[in-house]
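Notes for the one structure printed next.
Protein chains: 2
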Amino acid sequence: MTRIELAKRGIITDEVKEVATEEGLTPEDLSKNIAEGKAVITRNILRNIKPLGIGKGLRTKINANIGTSKDKTDIEEELEKLDIAVRYGADAVMDLSTGGPLKQMRQAIIKHSPVSVGTVPIYEVAVRAIEKYGSIVKMTVDDIFNVIEEHAQDGVDFITVHCGVTMKIVEMLKSGERVLPIVSRGGSILADWICHNGKENPLYEHFDRLIEIAKKYDLTLSLGDGLRPGCLKDATDKFQLLELITIGKLKDIAVSEGVQCLIEGPGHLPINHIETNIKLQKSICKEAPFYVLGPLVTDCAMGYDHIAAAIGGAWAGYFGADFLCYVTPSEHIRLPDKNDVKEGVIASKIAAHAADIAKGYYKAWERDNRMAQARRNFEWQEQITLSFDPEKVLSMRAERPPVEDERVCSMCGEFCAIKISRKAVEE
Amino acid sequence: MTRIELAKRGIITDEVKEVATEEGLTPEDLSKNIAEGKAVITRNILRNIKPLGIGKGLRTKINANIGTSKDKTDIEEELEKLDIAVRYGADAVMDLSTGGPLKQMRQAIIKHSPVSVGTVPIYEVAVRAIEKYGSIVKMTVDDIFNVIEEHAQDGVDFITVHCGVTMKIVEMLKSGERVLPIVSRGGSILADWICHNGKENPLYEHFDRLIEIAKKYDLTLSLGDGLRPGCLKDATDKFQLLELITIGKLKDIAVSEGVQCLIEGPGHLPINHIETNIKLQKSICKEAPFYVLGPLVTDCAMGYDHIAAAIGGAWAGYFGADFLCYVTPSEHIRLPDKNDVKEGVIASKIAAHAADIAKGYYKAWERDNRMAQARRNFEWQEQITLSFDPEKVLSMRAERPPVEDERVCSMCGEFCAIKISRKAVEE
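Sequence order for the protein chains is D and A.
Take the first sequence: its position 346, counted from the start at 1, is 377 in this note's numbering, and no numbers get skipped.
Take the second sequence: its position 42, counted from the start at 1, is 73 in this note's numbering, and no numbers get skipped.
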């Protein structure tokens with residue numbers, strides 16, 4: 032039986048107890064949320080990692096994308112990215128490789144990763160189709176489901192499937208109303224296939240085959256947003272909403288069949304669209320866990336898109352997004368390197384933490400309250416430990432240490448406001 | 032006559048026309064906003080820089096703090112920080128120096144700065160008091176106003192004055208209800224003076240002397256928030272609100288006397304407090320321009336406080352804050368260096384731009400729409416030009432260039448979604 036099937040029968044597993052205990056809600060509540068498709072635990076039955084809970088009542092989680100492209104393939108570097116992502120707090124990683132030996136890469140990442148691993152199988156289908164047939168449009172329906180099954184067999188915990196990129200929406204896109212028709216790689220591959228073959232998206236048409244594979248491995252389906260807006264001008268448009276309605280329906284089918292789902296969301300959104308987007312998703316998809324990419328609050332932050340994504344992600348989390356996909360400084364420019372991964376994870380972690388604070392999540396408050404006390408008491412070691420990147424804080428402080436008084440810092444020196452005001456009002 | 036006096040008489044100056052034209056509102060509207068204290072133009076009558084408009088109907092502006100502390104004094108470095116701040120888009124800089132030859136530093140910064148310069152004169156009063164009397168609590172009322180007059184004579188465009196740190200609030204702080212009583216340097220200096228001397232804050236008691244100096248130079252008063260929360264736990268508490276009420280009253284007096292004011296605000300605020308804070312300020316201070324520091328949405332982002340501030344600042348701007356004071360990665364750790372200034376300015380600029388986008392400011396949208404078109408058309412030079420740090424984008428792209436097709440990037444390579452989807456739906 033899958034997690035949903037167990038939960039529907041009121042059976043509370045050790046896994047549910049483990050996640051619930053760590054997150055500070057009751058196993059009964061978590062189990063109920065899983066049964067209703069409002070929370071998921073992403074772990075392939077073949078895997079022996081810490082289970083990851085995402086959704087209602089749970090801390091905001093973050094995902095780091097790693098993986099090669101044809102223009103840059105290096106397994107060792109990707110494994111180092113994995114280590115960095117986990118070290119700085121990624122709750123999950125996705126292997127988005129499209130270059131080099133894909134299966135070997137995936138297996139290495141799964142073997143090394145202590146956290147949930149997600150993939151986008153259509154990438155590998157496309158790579159193989161080019162190798163085998165010379166073109167992505169020649170991939171067959173069986174090619175698609177064979178690769179998905181392979182990923183599940185390899186132990187992948189969740190997969191992105193762009194089931195909502197239907198013939199109808201792709202046909203509508205031809206009107207030219209969008210500045211950027213599709214900015215999702217998987218979505219564009221499927222759109223190309225649909226247009227060329229004049230057939231329906233196999234992931235939509237044969238959704239039952241997806242359900243069958245997912246049930247076997249208790250694989251979580253992340254229903255991808257192939258139509259997510261790729262610029263602010265395209266935000267919250269009909270294409271995006273029609274896809275959301277489609278994947279909301281598929282989510283209901285999956286949950287009724289005992290398969291866990293995440294719903295993926297934008298993308299590029301101006302600040303004033305964020306609350307609406309989260310509430311729409313929560314309403315249309317009946318509180319299913321929402322997994323957002325960014326959202327990026329401007330199109331112009333190249334080199335600093337991790338910051339644009341942190342601005343959007345923190346607020347998306349506050350309004351109810353459950354899972355933030357990080358964005359690195361190299362977004363829109365090139366494949367991320369190790370430092371980009373670090374910067375991206377930390378920015379996303381800050382966003383998720385700020386969201387949890389605003390939602391009143393007690394463990395997040397505990398950390399900030401400890402930081403405030405440490406600041407009050409000039410306890411530098413404690414402050415460093417509580418920060419998101421202790422080594423950076425330590426080395427920054429060492430670069431320009433306080434000269435006269437170890438308690439303060441070189442920003443204010445003798446005019447440390449905490450020191451002066453505590454003396455003034457406490458003595 | 033001061034700007035407010037002219038505006039009250041319906042006289043529209045060239046300066047008002049210049050600012051209004053650039054910002055895309057009518058000179059009449061801007062003039063009305065200035066007359067009512069809802070917008071300011073910060074420029075000392077002795078200065079010949081581009082006038083800076085802040086407030087209702089205007090683009091969100093950003094400020095970069097520079098300046099030495101006793102633990103690190105180097106005029107050349109501060110001038111380089113000034114250049115960097117201006118280069119990456121700071122609309123104003125504040126010289127917060129507390130170490131080295133303060134007057135020389137200030138004069139050099141004013142001479143070199145093409146943008147408005149602000150200061151916090153009480154710092155220099157404190158430094159001189161230590162030199163002259165051996166203690167900050169021995170500074171006299173005349174010492175305070177003499178330094179303020181000197182700053183105005185040197186050409187400073189706006190000054191922070193912590194007029195709202197009254198005896199009554201300082202007395203209340205002794206209850207120990209706050210984790211961090213005061214985190215404002217100026218506020219703590221005044222609190223110390225008040226407690227030691229048992230006298231009222233001279234900036235409050237002799238507010239008329241401040242008005243007199245400000246009128247002479249058309250100096251803008253930035254009514255400081257000495258009681259801003261220094262941690263999330265202290266956010267939006269009675270101390271902060273009582274101070275806001277006090278400075279709101281003083282603002283009314285100043286405006287009626289023809290003196291322009293900014294209202295300073297927090298500080299450390301959880302995301303769910305931001306909208307309330309902005310709306311409270313706008314209501315209590317009758318739409319006076321709001322100048323916020325951050326707000327930082329978590330206490331724990333040491334080393335990455337520019338990101339925590341961008342998250343808060345973007346949303347504060349969206350809800351109505353007019354002027355964002357940047358926060359650098361070195362906040363809470365040490366005096367910023369040149370790179371910190373750059374990182375801080377860019378993060379703050381992204382936040383201000385995202386706020387302007389969300390508020391519907393047409394020039395902000397124009398930039399993003401051009402970026403989206405450039406992305407659609409694979410115009411890399413245009414994308415680089417439109418970014419906030421063209422050199423960084425250029426060098427990042429060069430580090431991992433696309434191998435086969437110059438139109439794409441090494442993130443997706445041949446699987447560029449824009450390329451594939453445009454082919455699919457346009458051909």
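Backbone N, C-alpha and C define an ideal beta-carbon position, used for all residues, glycine too.
- In the three-state reduction of the DSSP assignment, Thr267 of chain D falls in the coil class, being assigned neither a helical nor a strand state.
- Counting only runs of 3+ residues, no beta strand (DSSP E) is found wholly inside the region 405 to 447 of chain A.
- The DSSP-derived three-state label of Tyr392 of chain A is coil.
- Only Cys440, Ser441, Met442, Cys443, Gly444, Glu445, Phe446, Cys447, Ala448, Ile449, Lys450, Ile451, Ser452, Arg453, Lys454, Ala455, Val456, Glu457 and Glu458 from the region 440 to 458 of chain A bring a Cβ to less than 9 Å from some Cβ of chain D.
- At least one C-beta of chain D is nearer than 7 Å to the C-beta of Asn303 of chain A.
- Contiguous alpha helix (DSSP H) elements confined to the region 155 to 200 of chain A occur at 172 to 185, taking only those with 4 or more residues.
- When rounded, the separation of the alpha-carbon atoms in Ile377 of chain D and His363 of chain D is 19 Å.
- Residue state for Tyr322 of chain D is assigned as strand, using DSSP reduced to three classes.
- According to the DSSP assignment, Ser62 of chain D belongs to no beta strand (DSSP E) but to the alpha helix (DSSP H) extending over Pro58 to Ala66.
- In the DSSP annotation of this structure, the continuous segment of the beta strand (DSSP E) that includes Ile85 of chain D starts and ends at Leu83 to Gly86.
- Under the three-pair Cβ rule at 8 Å, the region 297 to 316 of chain D does not count as touching the region 42 to 53 of chain D.
- The region 344 to 353 of chain D makes contact with the region 318 to 330 of chain D, as at least three CB pairs between them are under 8 Å.
- With its beta carbon at least 7 Å from every one in chain A, Ile190 of chain D lies outside the interface.
- Contact check for Ser215 of chain D against Ala448 of chain A passes: the beta carbons are separated by less than 7 Å.
- According to the DSSP secondary-structure assignment, Asn303 of chain D is paired through a beta bridge with no residue.
- By the Cβ criterion, the region 67 to 75 of chain D is not in contact with the region 130 to 138 of chain D, since fewer than three pairs of Cβ atoms, one from each stretch, lie closer than 8 Å.
- Judged by DSSP secondary structure, Leu327 of chain A falls outside any beta strand (DSSP E); it is assigned neither H nor E.
- In the three-state scheme derived from DSSP, where H, G and I count as helix and E and B as strand, Gly296 of chain A is classed as strand.
- Taking 7 Å as the cut-off, the beta carbon of Asp420 of chain D is found closer than this to the beta carbon of Gly334 of chain A.
- The Cβ atoms of Thr191 of chain A and Val158 of chain A do not sit closer than 7 Å to each other.
- Contact with chain D is absent for His182 of chain A, since none of that chain's Cβ atoms lies less than 7 Å from the residue's Cβ.
- Inclusion of Asn79 of chain D and Met125 of chain D in the CB contact set at 7 Å is not warranted, their separation being larger than that value.
- Inclusion of Val210 of chain A and Asp265 of chain A in the CB contact set at 7 Å is warranted, their separation being smaller than that value.
- Two segments are said to touch when three or more pairs of C-beta atoms, one from each, lie closer than 8 Å; by this definition the region 79 to 90 of chain D touches the region 53 to 62 of chain D.
- Taking C-alpha positions only, Pro433 of chain A is separated from Met442 of chain A by approximately 8 Å.
- Rounded to the nearest whole angstrom, the CA to CA distance from Gly98 of chain A to Arg438 of chain D is 21 Å.
- DSSP places Val124 of chain D in the uninterrupted beta strand (DSSP E) bounded by Ala123 to Asp126.
- Contact of Arg428 of chain D with chain A by beta-carbon distance below 8 Å involves Ile364 and Arg365.
- Here the C-alpha atom of Asn232 of chain A lies approximately 39 Å from the C-alpha atom of Ser426 of chain D.
- The beta carbon of Trp396 of chain A lies closer than 7 Å to those of Ile388 in the same chain, with the five residues before and after it left out.
- Annotation for Ile97 of chain D: no alpha helix (DSSP H) segment contains it, though the beta strand (DSSP E) segment containing it runs Lys92 to Ile97.
- Note that the region 234 to 244 of chain D touches the region 275 to 286 of chain D; at least 3 beta-carbon pairs, one per stretch, sit closer than 8 Å.
- In the DSSP secondary-structure assignment, Ala70 of chain A is bridged to A:Gly86.
- Think of a sphere of 7 Å around the beta carbon of Asp330 of chain A: the chain D residues whose beta carbon falls inside it are Asp399, Met402 and Ala403, in chain order.
- When DSSP states are grouped into helix, strand and coil, Gly279 of chain D belongs to the helix group.
- Interface flag for Ile388 of chain A against chain D is set, since a Cβ pair is found closer than 7 Å.
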